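Beneath this line is the structure, given in structure tokens, with notes to follow.
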Amino acid sequence: MFIIAAGVLGAILGSFLNALLFRYNTGRSVAAGRSRCMSCGHTLAPLDLVPVLSYAVLLGKCRYCQSHISVQYPLVEALSALLAVALYVRNPEPLHFFLSLFVWMVLLFVLVYDLRHKIIPWSAMGLAILGAGALLVLDREFTSEALTAGVALAAPLLLLSAVSRGTWMGWADGVLEFGLGLLLGLSAGASALVMAFWIGAVVGITLLILPRGYTMKSEVPFAPFLILGAALSYFLHVDFLQTLPALFF
Ligand SMILES: [Zn+2]
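My numbering puts the first residue of the sequence shown at 10, with every later residue one more than the last.
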């Protein structure tokens with residue numbers, strides 16, 4: 010019962026996240042004004058705004074002008090619902106659940122925003138770090154060890170930025186990694202970082218091979234890989250430092 014409620018809450022938050030993603034930094038207020046079709050400007054009725062279901066029923070087209078609706082809407086809504094359910098299963102204690110949901114919603118925002126705009130809003134990063142820090146305080150794990158994990162994981166990325174003056178790696182990626190280090194701790198965080206580089210390499214090579222005009226100089230956002238790696242480590246408990254020794258000894 011509570012799991013279903015968590016999923017519904019996640020889907021609703023996801024549709025709020027979509028509005029935020031489309032309106033952030035465009036001068037349009039998130040709170041003011043009803044949602045409109047991006048194409049024809051028709052005000053959307055509540056029935057057009059049911060997370061995931063509306064998109065499915067309308068077959069991805071606006072009810073009024075038949076133009077295609079971005080697949081980002083149902084994807085973000087479904088991912089948010091999945092995140093909420095996974096977090097609830099992981100730790101149903103209310104305060105922990107809402108705080109960790111907040112952190113992962115911010116991370117999902119950063120992931121999609123970086124994909125769309127190749128930049129990470131500093132405000133979102135600040136919220137992610139604050140949220141991760143608050144989780145540590147709540148779990149009484151706000152120790153020098155946790156802070157060291159954040160610094161140690163951010164350091165290699167910041168070094169890459171410093172050496173390349175921000176061209177190989179954006180400064181924001183290192184700051185984001187500090188927050189992920191707080192969230193994951195050193196061991197799981199290191200695995201997440203390694204996976205981020207692997208996934209990034211596979212995607213980067215694929216983009217080079219595809220005849221889409223990508224070159225070595227193309228700007229590929231890295232934050233999505235960092236967050237994807239963190240999600241694999243956090244939810245699927247992928248931790249090389251813990252599991253690899255166990256395989257050999
Ligand atoms: Zn329309």
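Built from N, CA and C at the ideal position, the CB exists for glycine as well.
Remember, predicted model here, so these are calculated numbers, not experimental data.
Notebook entry, point to check: For the alpha helix (DSSP H) that contains Met204, what are its first and last residues?
Noted result: Here residue 204 is taken as the residue at index 195 of the sequence shown, counted from 1. Residues 195-218.
Item checked: Anticipated Cβ contact below 8 angstroms, Ala90 with Gly23, distance rounded -> In the sequence shown, residue 90 corresponds to position 81, counting from 1. In the sequence shown, residue 23 corresponds to position 14, counting from 1. Sure, about 6 angstroms apart at Cβ, within 8 angstroms.
Next item on the list: Give the secondary structure of Arg99 by DSSP, where H, G and I count as helix, E and B as strand, and everything else as coil.
Entry: Taking the first residue of the sequence shown as 1, we reach residue 99 at position 90. The answer is helix: DSSP assigns Arg99 an H, G or I state.
Note to self: Among the candidates Lys70, Val85, Leu84, whose CA atom is the shortest distance from the CA of Ile78?
What the structure shows: Within the sequence shown, the letter at position 69 stands for residue 78. When only C-alpha atoms are compared, the closest one is Lys70.
Next item on the list: Take Ala155 as the anchor and find which of Leu18, Leu189, Phe206, Val112 has the nearest alpha-carbon.
Entry: Translated into the one-based positions of the sequence shown, residue 155 becomes position 146. Looking at the Cα atoms, Leu189 is the closest of the given residues.
Item checked: heavy atom of ligand 1 below 7 angstroms from His8 C-beta -> Residue 8 lies beyond the stretch modelled for the chain, which goes from 10 to 258, so this question has no answer here.
Notebook entry, point to check: Excluding the five sequence neighbours on either side, which residues of its own chain have a C-beta within less than 7 angstroms of the C-beta of Leu26, listed in chain order?
Noted result: If you number the sequence shown from 1, residue 26 lands on position 17. Cβ within range, chain order: Val85, Ser89, Met114, Leu117, Phe118.
Item checked: Proximity test, Tyr64 beta-carbon vs ligand 1 heavy atom, cut-off 7 angstroms -> To locate residue 64, count along the sequence shown from 1; it is residue 55. No; taking the cut-off as 7 angstroms, the Cβ of Tyr64 has no heavy atom of ligand 1 nearer than that.
Note to self: Would Arg43 and Thr52 qualify as a contact pair, given that the criterion is a beta-carbon distance under 8 angstroms?
What the structure shows: Counting from 1 along the sequence shown, the entry for residue 43 is found at position 34. Counting from 1 along the sequence shown, the entry for residue 52 is found at position 43. Cβ distance < 8 angstroms, so Arg43 and Thr52 count as in contact.
Notebook entry, point to check: Is the segment 144-162 in contact with the segment 194-203, if contact means three or more CB pairs nearer than 8 angstroms?
Noted result: yes
Note to self: Please determine whether the Cβ atom of Tyr73 lies at a distance below 7 angstroms from any heavy atom of ligand 1.
What the structure shows: Locating residue 73 in the sequence shown gives position 64, where the first residue counts as 1. Yes, Cβ of Tyr73 sits closer than 7 angstroms to a heavy atom of ligand 1.
Next item on the list: Could you spell out the range, first to last residue, of the alpha helix (DSSP H) harbouring Trp131?
Entry: What you label residue 131 is simply residue 122 of the sequence shown in a count that begins at 1. Residues 131-147.
Check: With DSSP run on the structure shown, which of helix, strand or coil describes Arg43?
Finding: The residue given as residue 43 occupies position 34 in the sequence shown. In this structure, Arg43 counts as coil in the three-state DSSP scheme.
Notebook entry, point to check: Going by Cα to Cα distance, which pick from Ala20, Val121, Pro130 is closest to Val184?
Noted result: Counting from one through the sequence shown, the residue named residue 184 turns up at place 175. Among Ala20, Val121, Pro130, the Cα nearest to that of Val184 is on Pro130.
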